[in-house]
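K.L.:
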Amino acid sequence: MSGYHLDRPRRACRLCGATVNQRVVGRERTLDLGQELVRCGLCGGASLDPDLSAADEARFYEHDYRRLFTAEAAFRHQEAFVASLRLRAIAQWRWARLGGFVPLGGAVLEVGSGYGAFLSEIHRDRPDVPLAAIEPDAHHRAVALGGTKVTFVASPEEAGGPFALIALFHSLEHLRDPAGSLVSLRRLLAPGGILAIEVPDIAAPWSGWQDVHAAHLGYFTGPALDRLCQRVGLRPLEGQTALPGTLWRVLRRCDPQPPLPAPPQEIAALDRHIDRYRHRWRDRLKRRLKTLAVAVLGPQRIGAWQRRRLGPLTDRMLAQAAGSRQRLFGLPVDALTMTEAIDRAETAMRTRQRLRQADINVAKLVAMSGDRLLRADVAGSDMVCVDGMGVLWAARLLGVAIPERITGIDLMDHLLARAGRGGFRPYILGAEATVLDEAVASLRRRYPDLVFAGWHHGYFSPAEEPAVVAAIAASRADCLFVAMPSPAKEAFLARHHAALGVAYVMGVGGSIDVIAGKRWRAPRWMQRAGLEWLARLIQDPRHLGPRYLKSNSLFLGLVIKEWIRLRRGGAEDT
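Oh and the sequence shown: position 445 is 445 in the numbering used here, straight run, nothing missing.
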């Protein structure tokens with residue numbers, strides 16, 4: 001493509017600066033200016049060399065980027081376009097992973113904010129968070145914002161800070177100096193702040209070593225990205241992605257360290273991978289057919305076709321990330337074992353990824369049939385467990401594969417044991433003040449290594465609620481157990497989880513009374529037989545007798561109704 005000019009060749013790795021053991025593994029053929037993709041034998045990454053001149057690079061992004069890479073080409077960039085790319089669904093997934101790291105008053109900077117979907121999702125969930133962004137494309141950066149207030153700046157130096165979260169989603173590969181950019185962004189992190197990176201993975205199977213992306217200047221494998229981050233002083237907290245073909249890193253500031261060179265076997269494996277895709281005739285044919293189609297039909301029509309094809313694929317990827325979800329009585333339920341639930345909770349505490357856990361039993365299912373707010377609060381939880389043999393038996397009757405019930409008191413007990421060993425600090429909210437004090441004393445005797453972030457009784461007025469939330473947020477707890485009745489605990493957690501700044505939260509109902517010794521729990525044989533309700537009934541027959549009679553009768557009706565609906569293949573109630 002004429003009209004563009006190249007700088008002088010760098011002849012050095014863009015990621016680590018090495019000049020030896022460099023191998024040409026591809027060529028950019030869209031602009032076709034002679035740029036080569038060079039694999040570095042020191043860090044294991046790759047770079048496009050030479051660069052476009054600075055003026056031509058700006059012109060390329062303004063005039064040709066979306067015409068040449070058609071997935072984002074459209075006649076109109078509006079909400080339907082955002083939906084076709086699944087931008088909001090991806091933004092929700094990302095924010096669910098990162099929101100727990102942003103405390104009250106914490107600010108967020110996104111580098112390369114694109115159409116604004118991620119910033120819009122943050123504002124929807126946390127309107128208290130100040131938002132800033134670096135996005136040179138002024139024509140498209142507000143498409144998905146929906147009125148969200150964002151401060152746009154031209155460079156990290158203008159961003160100010162400090163920031164609790166700095167995000168680079170498919171931006172790092174576009175930067176001329178990724179190491180220098182990360183150093184500048186690292187300085188803007190608040191104490192305890194994180195930097196999140198998502199980039200394409202060149203070690204993933206793909207069809208384009210001949211189709212080197214003209215806008216991608218740096219190319220990463222997982223180890224190459226880790227070496228770059230280590231060199232600039234960033235250590236990974238999490239690296240698991242939901243989107244195949246990408247690398248995901250959540251990083252925190254540390255002392256810079258000189259990374260070890262990539263071992264020879266890693267470079268050899270990467271070269272074999274590159275060569276496998278490098279000379280395939282069908283890739284050359286696909287590229288030429290696409291070029292012809294764009295010339296005949298226009299980039300907007302080809303882009304619409306690509307989005308129709310890629311949208312369902314993205315849906316499947318995000319659904320796979322959700323993992324264990326089933327549907328029971330129209331509600332999302334996670335088919336987990338106790339061990340899996342414990343591991344998820346511990347991962348949330350370790351990575352500071354927000355996880356709100358709810359449970360369902362017979363009484364709650366009956367209540368949800370007439371309480372839309374409670375139903376929404378439970379359905380909106382990140383993990384929903386079956387607590388109660390009646391629900392477990394009903395699930396199996398209805399063909400929903402739930403491996404076991406997960407009671408709140410048992411899960412809480414296991415998590416407190418893990419917290420003691422792992423150094424996590426719990427907070428307990430609920431129960432009467434004297435009962436709560438006795439429960440905390442009992443837990444300290446049981447788990448000598450356990451350090452509490454704090455505790456607070458559950459008898460506070462609506463006017464006092466903001467102060468309670470602020471106290472929990474100030475405690476920097478790793479997990480929160482809310483010992484309130486339903487629907488109060490579900491409503492409290494749904495309303496305040498984002499502001500609490502606590503990674504893992506769950507409701508535990510009357511568990512604190514049991515821990516404090518105010519009520520006794522059914523023996524194991526009664527629990528296994530599904531008779532735990534009988535033990536509670538014996539302790540409080542006047543209150544629980546009428547309640548159990550009513551709720552069990554209504555629950556039986558719900559089960560019969562659901563069984564008939566499934567037999568008829570009817571639509572699911574919402």
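Backbone N, C-alpha and C fix where the C-beta goes; we use that ideal spot for every residue, glycine too.
Is there a Cβ from chain E that is less than 8 Å from the Cβ of residue 50?
P.N.:
Absence of chain E from the displayed structure is noted, only one protein chain being present.
K.L.:
Where residue 127 and residue 16 are concerned, what is the direct C-alpha to C-alpha distance, given to the nearest angstrom?
P.N.:
39 Å
K.L.:
Helix, strand or coil for residue 43 per DSSP?
P.N.:
coil
K.L.:
Report the three-state DSSP secondary structure of residue 485 (helix, strand or coil).
P.N.:
coil
K.L.:
Buried or exposed for residue 291, please, with buried defined as at least 16 other CB atoms from any protein chain shown within 10 angstroms of its CB.
P.N.:
Per the 10 Å Cβ criterion, exposed.
K.L.:
Which one of 236, 251, 198 and 226 has the shortest CA to CA distance from residue 244?
P.N.:
198
K.L.:
Do you know whose CA, among 148, 525, 374 and 266, lies nearest residue 113's CA?
P.N.:
Of the listed residues, the one whose Cα sits closest to residue 113 is 148.
K.L.:
Whole angstroms are fine: how far does the CA of residue 100 sit from the CA of residue 519?
P.N.:
35 Å
K.L.:
Around the Cβ of residue 8, are there at least 16 other Cβ atoms within 10 angstroms (buried) or fewer (exposed)?
P.N.:
exposed
K.L.:
Between which residues of its own chain and residue 153 is the CB-CB distance below 7 Å, once the five residues before and five after are set aside?
P.N.:
So the qualifying residues of the chain are 132, 134 and 159.
K.L.:
Are the CB atoms of residue 359 and residue 311 nearer to each other than 8 Å?
P.N.:
no
K.L.:
Do you know how far the Cα of residue 478 is from the Cα of residue 5?
P.N.:
53 Å
K.L.:
Return the first residue and the last residue of the alpha helix (DSSP H) that residue 92 is part of.
P.N.:
87-98
K.L.:
Quick check on DSSP: helix, strand or coil for residue 193?
P.N.:
strand
K.L.:
Please say whether residue 238 and residue 339 have beta carbons closer to each other than 8 Å?
P.N.:
no
K.L.:
For the beta strand (DSSP E) that contains residue 163, what are its first and last residues?
P.N.:
Counting along the chain, the beta strand (DSSP E) containing residue 163 begins and ends at 163-169.
K.L.:
CA-CA distance, residue 433 and residue 140?
P.N.:
54 Å
K.L.:
Give the single residue among 60, 347, 499 and 544 whose Cα lies nearest to the Cα of residue 469.
P.N.:
499
K.L.:
Going by beta carbon distance, what residues of the same chain come within less than 6 Å of residue 473, once the five residues before and after it are set aside?
P.N.:
104, 500 and 501
K.L.:
If you draw a straight line from the alpha carbon of residue 294 to that of residue 35, how long is it in whole angstroms?
P.N.:
23 Å
K.L.:
May I ask you to report which of helix, strand or coil DSSP gives residue 500?
P.N.:
helix
K.L.:
Please classify residue 550: is it buried, with 16 or more other beta-carbons within 10 angstroms of its beta-carbon, or exposed?
P.N.:
exposed
K.L.:
Verify whether the separation of the beta carbon atoms of residue 374 and residue 465 is less than 8 Å.
P.N.:
In this structure, residue 465 does not lie closer than 8 Å to residue 374 by Cβ.
K.L.:
If residue 604 sits next to residue 156, beta carbons under 8 Å apart, how far is it from one beta carbon to the other, in whole angstroms?
P.N.:
With the chain represented from 1 up to 574, any question about residue 604 goes unanswered, as that position is not in the structure.
K.L.:
May I ask you to report which of helix, strand or coil DSSP gives residue 229?
P.N.:
helix
K.L.:
At what residue ranges does the region 332-376 contain a whole run of the alpha helix (DSSP H), taking only runs of 4 or more?
P.N.:
338-351 and 362-368
K.L.:
Going by C-alpha to C-alpha distance, which of 261, 183 and 483 sits closest to residue 614?
P.N.:
Since the first residue shown for the chain is 1 and the last is 574, residue 614 is missing from the structure and cannot be characterised.
K.L.:
In or out: residue 306 buried (at least 16 other Cβ within 10 Å) or exposed?
P.N.:
buried
K.L.:
Helix, strand or coil for residue 133, going by three-state DSSP, please let me know.
P.N.:
strand
K.L.:
Determine the burial state of residue 538: buried for a count of at least 16 other Cβ atoms within 10 Å of its Cβ, exposed for fewer.
P.N.:
Exposed.
K.L.:
Please say whether residue 398 and residue 482 have beta carbons closer to each other than 8 Å?
P.N.:
No.
K.L.:
With H, G and I counted as helix, E and B as strand and the rest as coil, what does DSSP make of residue 404?
P.N.:
coil
K.L.:
Taking 7 Å as the limit between beta carbons, can you name the residues of its chain near residue 344, skipping five residues before and five after?
P.N.:
Beyond the five residues adjoining it in sequence on each side, residue 344 comes within less than 7 Å, by CB distance, of 355 and 383 in the same chain, given in chain order.
K.L.:
Which residue comes first and which comes last in the beta strand (DSSP E) that contains residue 27?
P.N.:
22-27
K.L.:
Could you pull out every residue in the same chain whose Cβ sits closer than 6 Å to the Cβ of residue 314, ignoring the five residues on either side in sequence?
P.N.:
Excluding residues within five positions, the ones whose Cβ falls inside 6 Å are 86.
K.L.:
Between residue 201 and residue 247, which are expected to be in contact by the criterion C-beta below 8 Å, what is the C-beta distance as a whole number of angstroms?
P.N.:
5 Å
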